[in-house]
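Report on the structure given below.
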Amino acid sequence: MKKEEKLLEELGKIDEDLIPEVLGKSDEAESVSKQSDVIVDCSKKMGKKKRVNYRAIWISVGAVAAAAVLAIILVPKLFKSKDDGSITAGGVISSDENVTSSDVENTTAGMATSSETVYEPNRMAAPAYPYMPSFPDEATYNQEDYNRQYNEWKDAVHNLRAQQSGYMDGYREYCQKVISSVFANVGQNKNRVFSPLSLYMALAMTAEVSDGATRQQILDVLCQPDIENSRAHANALWLVNYMDDGLATLILGDSLWLNTNRQYNQELFEVLAEEYFASCYSGDPASDSYNQAFRRWINTQTGNLLEDFASQLSFDPDMTMYLVSTVYYCAKWSTKFKEKDTKPDTFHAAGGDVTCDFMYSDSPWMTYYGENFECVFISTEHNGTMRFILPNEGITPEELMQDEEFMEFMTAKKWDKYHSYDGGIHLYVPKFDICTDMDLTGYLTSLGITDAFDPGQADFSPLTKDSAGMCISSLEQDTRLLIDEEGCKAASVTVVLIGAGDANPVREFRLDRPFIFEIVSEMDVPLFIGVVNDPTAG
């Protein structure tokens, strides 16, 4: 048996219950348990609260990442009356259904135990997730059944990735602008991690609920000529990146949370469900149960990596809408680091030397040498690549982020010209767990999104007739990323508040001074980007 086949066999043993529900399928009841299992399993390494899954082979971290964007739309304080067509929140759902976040029909039940009854807000719209069969486990199939299941899986992946060309062009330009802005002033003693995809999806949906100059300024930052192109490209980005087959996980999740005292444009939510796979809920923002359901959804969608941040979130009593976009990514290194080779060593941080654990490997690696940096590519098992970029001596990560050649490299359409295999590298990578909480308002206003933050100029009329005075009052992202010998995991939450107001010699690649990292999907879509100035700092 080939090495890759053995790999797929082992990974195929991951719990079969890893696929989100496909609405209308006969196995609907079984599929609702899938995403929470993979999220729990990928969180075990870091000691998160978990439900034991004895069938899962993949206990360690793997390469894992998650992101979420939350847009909050509030009404002016002077609004008092209840609209005639207001939505009534309510209803309960039994946790015996083993509800998960990717299951758009039952997402808020999250990690509840079988003895609990979990509050479920009124559901205004629910998307149908694409069909994704499990990667076959060779040990449980005869050859004929295995081939049939494999071909079904292969066809499903092909269909998802066979999107119309051109969807990445605007995204690359957007990434170049936003990344340069976000990483312009990190600070020499600070780390930063950011998810451009999470923010992109949130801004695209915010464009859907806005109009006029407010919408156009958002589209300009997204590098989209009109809402139709923006919608089509966001939909394609969602589909080409979607993977939940028990072998690899990359799931984008979107949701909207409404105020039961408000009246909304229902057709708008149907568009968001169809094009952005967004669920839509309604409830009383003053209700503790509604707030708990909201936080539970975020925690489930982001693998419980951002529990501290989510625990601080609560609805404003006068809110109109919270808009949430998540990205969850989970994979293992293709070539794992051996724990016995991990040793403490010195990292030369800008603020002084620190000691941390360095992982080591002398495996063949893909490499690229730019004018001002060098890069090593670490592939994951069928779920993209993590790149570690070391600036040349005397150049800071922040300075490199402003370099045009480097930004072209970070967002390249084709990677063939950028790498070659180097079999003579001794690779040293520090283990780290970093977290960043930053307000993105200033970055976006500097890029041209101004009307959306001005109560006198913002136009959110597509959302509700009573949109006067609504604006974005804050836009915050909280992101965390961890790596170890098995892989990497990360999560990001962005909150948008809208309210009133040579011949291959043996060499070293030692990441022992400030560096940059990036995670891209199998389709080379940038998912997470960060700077590590001190791996011992949170």
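For the sequence shown, the numbering used here begins at 5 and goes up steadily by one.
Quick reminder that beta carbons are idealized off the backbone N, C-alpha and C, glycines included.
Take the alpha-carbon of E403 and the one of F513: they are about 20 angstroms apart. When the beta-carbon positions are compared, I453 and V225 come within less than 9 angstroms of each other. Taking the Cα positions, D538 is about 41 angstroms away from I231.
According to DSSP, residue pairing for K336 in a beta bridge involves G491. Taking 9 angstroms as the cut-off, the Cβ atoms of K493 and L309 count as close. In the three-state scheme derived from DSSP, where H, G and I count as helix and E and B as strand, T468 is classed as coil.
If you draw a straight line from the Cα of E177 to the Cα of T445, it comes to about 19 angstroms. Annotation for M411: Q180 place their beta carbon closer than 6 angstroms to its own, counting only its chain and skipping 5 residues before and after. The C-alpha of F319 lies about 18 angstroms from the C-alpha of T304. Of the residues Q270, V535 and Y280, the one whose Cα lies closest to the Cα of S286 is Q270.
In this structure, D488 lies near K435, with their beta-carbon atoms less than 9 angstroms apart. Per DSSP, Y280 lies in no beta strand (DSSP E) segment; the continuous alpha helix (DSSP H) that holds it begins and ends at Q270 to Y280.
For C284, the secondary structure class from DSSP, reduced to helix, strand or coil, is strand. Taking every protein chain shown into account, the CB of Q316 has fewer than 16 other CB atoms within 10 angstroms, so this residue is exposed.
Its chain contains Y372, R391 and I393 as the residues whose beta carbon lies nearer than 6 angstroms to that of C379, once the 5 sequence neighbours on both sides are disregarded; these appear in chain order. For M128, the CB contacts under 6 angstroms within the same chain, skipping 5 residues up- and downstream, are F273, C284 and S286 in chain order. Take the alpha-carbon of C227 and the one of A282: they are about 22 angstroms apart.
Between V197 and F532, the C-beta gap is smaller than 9 angstroms, which places the two residues in contact.
Between E385 and A252 a beta carbon distance of about 7 angstroms is seen, short of the 8 angstroms cut, so the two are scored as contacting. Taking the Cα of F521 as reference, the smallest distance to any Cα among A130, D437 and A132 is reached at D437. Here V433 is bridged, per DSSP, to M363. Taking the Cα positions, E526 is about 18 angstroms away from P134.
Taking 9 angstroms as the cut-off, the beta carbon of Y294 is found closer than this to the beta carbon of D288.
Contact between the region 206-224 and the region 459-467 is established, with three or more Cβ pairs separated by less than 8 angstroms.
Under the three-state reduction of DSSP, M414 is assigned to helix. For K347, the three-state secondary structure derived from DSSP is strand.
Spanning the alpha carbons of N155 and A236 requires a straight line of approximately 28 angstroms. For S202, the enclosing alpha helix (DSSP H) begins and ends at P200 to E212.
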